[in-house]
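First to last, the protein sequences are chains E and R.
1 is the number of the first residue of the first sequence in the working numbering; add one for each residue after it.
1001 is the number of the first residue of the second sequence in the working numbering; add one for each residue after it.
Even glycine gets a Cβ: it sits at the ideal position worked out from N, Cα and C.
Because the structure is a prediction, the values reported are computed rather than measured.
Everything on this sheet refers to the single structure shown next.
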Amino acid sequence: MKTQSKLPGSISKMFLGIFFILIIIIALVTVYFYLRKAPDMNNSVTEISSGEFSAEVKKLGSAEILSGFPEDLPMQDGSEVLDNYEATSNDGRIQSTKLFKSPQTTAQALQTYTNFFTGKGWVRNVGGSLTSPILMRRADDTLMISVSSGIDSSEAIVEITLTQNQY
Amino acid sequence: MKITKRFFFQTFLSIFIVGGGLVVVNQFTDNVIPTAQANFYPAEIYNTSSTLSADQNTLNIRTDGYGACLNTIDPNNFCARTEYVDISVNFDIQRIVNNVYAGDQWSGYAYYPEQTTRWSFPGLPGMSPEQVSPAGFTGVIDTSSWPTGLYRFCATVEGSVTALWPNDAYERQSLCSPAFTITRNESFSFICGIVSTTVPRGSVVQFPLSASVTSGYNSEVSVSMSATPTGPLMSPSPVLLNASNSYQNIGLVNTANLNPDSYLLTFMATDGSTTQQCISNLIVTDTTGSIDLRFNDSNGPTTPTPPNGSTGRLTWVPSGDVASCIPSMVQGVSSDWTGTSPRPSSGTQNITGLEQGTTYIFKIDCVTSSGSPIDPDQVEVTVGIAPEPPTATLLCEGINTKTPIPGPCDVIYGSFGVLTWSSEYTTECQITPGTWGSATSGSGSTSNLTSNTTYTLTCEGTNGSTATSSVQINVVANPDYEFTIIPTSDVKAQGQTSTVNLLVTNPTQGFNSPVVMSVMNVAPPSLPLSQIEITQNPVNAPYNSSAIAEIDTTGVPVGNYVIIFRSNAGTTTDPKTRVMQLRVTGASAPTAPVSVNANAGACSEIEVTWNPGVGHNSSIEYRVYRSINGTDWGSPIHTVQNNGQASYTFNDVGLNAGTYYYRVSASVGSGGAPSYSSTAGPVIVTSCAPSLEGSYKRVLGSGASVPSHSSCGSPNSIPLPNGNVYVSGQTVFFEICVRNSGNESLSNVLVTELYTGDQNLENVQLVRSSGSCATGSGSGPYTVGNLAGGGVCSLVVSARISNPGGPASTLHRFVNFANISSSTISRAVNTLPEVFSIGAGIPDRVETTP
């Protein structure tokens, strides 16, 4: 009488199951780290060095908050961030620049952001009507709001540069 | 903590704290250090001082005191000379603002680690410890960059000694020198707002420049710029920072003529006495430009919708260095956007002839001023398909159609019609007048119409346009009327004209259509249709005149003709036919009527009778004429056709009281020459107004039943035989005859106030009336009611003879009367007197006046 052992088959199935579980775990871990890494994929750092001057330019994601920027910076529906970066120099300056396209008109955009930063304690260097660029100061920090017309006259290109002086 | 054999096995420690110091009792077991008691000052500073140099650019600091000393171990009081102590000293120069510590302006650190015999001063060049008693530290600090302010120098020492194990000694102490002030001249600090920026060549870069100035500073700062490598220039230059711009301004650098490179821009700011500078990095790229192509201001894909979808406008706008462009088609064909000729770097182009449902991709390739191509741009346009125009259909149903038709429809006056509507490519529809909702299709009834109404269907199309449809509903009367011809028969001698009135009578409400009269047929045809002329045709509402048909019998053979007239022939408006008979006779005059008599009737009436003359037949028409003087006759008052009778009678009624004469003519037909009879009369007639009369008479006889008598017999009053003798209790009967001798009826005729005088009659009762013409009981009143003209009503009443007393020879007399009345007439009815006696005596007949 011929007997057949089932043990080898069971072991093979068991190893096969473990193998697939491992594959799934590896895939999940890979996806996790990929997603975790994804927000930083747009970030890039550029070193600039010339003589005694050196700086580091760091590109941030469009939704990331720049150093010194208020978190509640108004962005109208339809706005499109064109550039968002920080530049830190070895003399203690941190330049934060946000460049974006706004559906507002140039006058509206200039008014919007001047009012916004005024509300945050920034003070214009001169009074009178609003004309781009707007220069503002708060303590030792400086701010420039520059607004120009986009391709469509109905949209505005807004550039906000905030410079913090650490020394 | 490190434990040595020496201290582990041989030292016994006793520690006492006395005042601010620490008293240590040390019991060494091996007697290497025989001192039994030692003073330990692990950390004590008893003086700090600082001194500014004359130019305030340097500060000399000094700290006096012990770091950590164990005089037992270090009898020479050379502190920190043993490996059993651990000492650190912190030095700082603090800023004082409003008498409050505001941070360190400078700090230093020195330490003497255990198991060493050497001080270390990391980061503190120039510091040195004094290794003599009293122990201390000195140093020189550079204050040249310190701003105006109040400062003070402080030192903190911490120390521990392990030599006293297991009871370590530890202490910490701080001391500060008096505050000192540094005063500087007013100055500014210069800041460049841009650290680094990258721009395409051709841009004008804005550099925010600012200066922070000390209080009271009011000098103007002039900023100029240099670049490495050379090339970038700031224009205008210099840029001035002053109080009027709050020491903030913009430096502009045009990169139009720069080579792509990285430039260091050094901005130098000076107020004449002080010069400061800051550096910005400017990277000019060779991104020469870009082009933005749009269709109807859209980057696409876009779907223009007809009817304007066949056209559009392309706009291309450059950014950066764009010199010229060439258009092309990626998909679709548009002659407006093809060709090889360069176009300007910006512009617009109208595009026409785009076909519905077709996708076009317009492309533009541009180059820089140096001829380098830049990224092309394209825009996709898919032309939509125009929505179909809306349609609207409004139909009606009326009495003239069994299915919906585009109109006009007819409805009967005061009734409704039915509207049916449909539409295509619509969103909603409205029908006016009335309330019909907004459905795009449906049906419904109008209101009841009394006038012609036009209904209009208006539908909103999906393409924004509208479609309309209208129907007319005409209100027509129920085409019902009566068609009457007068006369329906006529007799005319040859050559005469028979005139027939064609009448429209009793039209239904609202019927107001013209009624056209015509001759349908004439038989036999020897009476030509051409000899029948109808005038005043058609007959128009309100139909108070008739059409006139004149039949000319000239040349028409003698005979009978049937003429069929027709109204509204050939229409659906209630066509009708009427038949007229015309007899055409010979042209000679007949003989006159004979035996003409006139006799008065009851009232207002004269009866005229005559007999036909010789040769009279049915073609003869008799005409009766009346005159009040026998001379003037006027028009005939009565016409009658000979119908074969032996005699003819005509009752002339309604005459006023007076005298009248009559004569009768005979003619062939209505148009024939008349032959007149002799005159009858005069006849006198009375008026025939209503006349209520009555009589009261005793009916002969007496007894239980009414004696035979002639009801209301003539005469109305009869003389009664006087002298009758009655027995008391005997019943006698009386008749009251009520008569309307006029022609008109009387109403509410009553017999009242019946009176049977002389106190010799009692128990009056209505026994009967002719034809039950009266009702009532007892002595009345008795109701006759209506009494037609000429009518009579006989009432028989009974009465019982009473015994009046007295001798039988006493004569009595019936004196009875009643009133008869109607709504208009009332009069008394009295009996004629009758004398009678009660008993056996028969008196002489005596006529007395009642």
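- Judged by beta-carbon spacing, R:Gly1159 lies beyond the 7 Å limit of R:Ile1061, meaning their Cβ atoms are not closer than that value.
- Judged by DSSP secondary structure, E:Leu110 falls within the alpha helix (DSSP H) whose first and last residues are Thr106 to Gly119.
- By the Cβ test, the region 120 to 127 of chain E is in contact with the region 1236 to 1252 of chain R, since at least three Cβ pairs between them sit closer than 8 Å.
- Residues of the region 1238 to 1264 of chain R with a C-beta less than 8 Å from any C-beta of chain E: Ser1244, Asn1245, Ser1246, Tyr1247, Gln1248, Asn1249, Ile1250, Ser1262 and Leu1264, listed in chain order.
- When rounded, the separation of the alpha-carbon atoms in R:Ser1665 and R:Ser1498 is 19 Å.
- Under the Cβ distance rule, R:Pro1208 counts among the residues neighbouring chain E, one pair being separated by less than 7 Å.
- When DSSP states are grouped into helix, strand and coil, E:Phe69 belongs to the coil group.
- For the set R:Gly1778, R:Asn1740 and R:Ile1182, the Cα lying nearest the Cα of R:Thr1824 is the one of R:Asn1740.
- Look at R:Ile1194: its C-beta is under 7 Å from a C-beta on chain E.
- R:Thr1311 sits close to R:Thr1352, with the two beta carbons spaced by under 7 Å.
- When Cβ pairs closer than 8 Å are counted between the two stretches, the region 1593 to 1607 of chain R is seen to touch the region 1639 to 1656 of chain R, the count reaching three or more.
- When rounded, the separation of the alpha-carbon atoms in R:Ser1667 and R:Ala1592 is 8 Å.
- Runs of the alpha helix (DSSP H) lying entirely within the region 1378 to 1459 of chain R and spanning at least 4 residues: none are present.
- Interface criterion met: the Cβ of E:Leu135 is under 7 Å from a Cβ in chain R.
- E:Glu47 is bridged by DSSP to E:Glu56.
- Scanning chain R for C-beta atoms nearer than 7 Å to the C-beta of E:Asp140 yields Ser1212, reported in chain order.
- Between R:Asn1748 and R:Ser1822, the CB-CB gap stays under 7 Å.
- For R:His1638, the enclosing beta strand (DSSP E) has its first and last residue at His1638 to Gln1641.
- Listed along chain R, no residue sits closer than 9 Å to E:Ser67 by beta-carbon distance, the nearest being about 12 Å off.
- Cβ contact annotation for R:Ala1600 (same chain, cutoff 7 Å, sequence separation greater than five): Ile1606, Val1683, Ile1684 and Val1685, in chain order.
- Where R:Leu1761 is concerned, the enclosing beta strand (DSSP E) starts and stops at Leu1761 to Ser1769.
- The alpha carbon of R:Asp1292 has as its nearest neighbour, out of R:Gly1320, R:Thr1051 and R:Ala1155, the alpha carbon of R:Gly1320.
- Across the set R:Val1556, R:Val1579 and R:Asp1574, the C-alpha of R:Val1579 shows the shortest separation from the C-alpha of R:Ile1564.
- With a threshold of 7 Å between beta carbons, E:Gln95 makes contact with chain R.
- Residue pairing by DSSP puts R:Asn1724 in a beta bridge opposite R:Phe1836.
- Relative to the Cα of R:Val1815, the nearest Cα in the group R:Val1725, R:Gly1790 and R:Tyr1696 belongs to R:Tyr1696.
- Relative to R:Tyr1170, the option among R:Asp1086, R:Ser1144 and R:Ile1412 whose CA is nearest is R:Asp1086.
- In the structure shown, R:Trp1610 falls within a strand segment according to DSSP collapsed to helix, strand and coil.
- Between R:Tyr1622 and R:Thr1639, the alpha-carbon positions lie close to 5 Å from each other.
- Shown in chain order are the members of the region 1316 to 1342 of chain R whose Cβ falls below 9 Å from a Cβ of chain E: Val1317 and Ser1319.
- At a cut-off of 7 Å between beta carbons, E:Thr163 contacts chain R.
- The beta carbon of R:Ile1093 sits closer than 6 Å to the beta carbons of Gln1105, Trp1106, Tyr1151 and Phe1153 from its chain, once the five residues preceding and following it are set aside; these are given in chain order.
- The Cβ atoms of R:Gly1300 and R:Val1379 lie closer than 7 Å to each other.
- Here R:Asn1452 is near R:Asn1474, since their CB atoms are less than 7 Å apart.
- Under DSSP, R:Pro1327 shares a beta bridge with R:Ile1364.
- Per the coordinates, the alpha-carbon of R:Arg1566 lies some 20 Å from the alpha-carbon of R:Thr1553.
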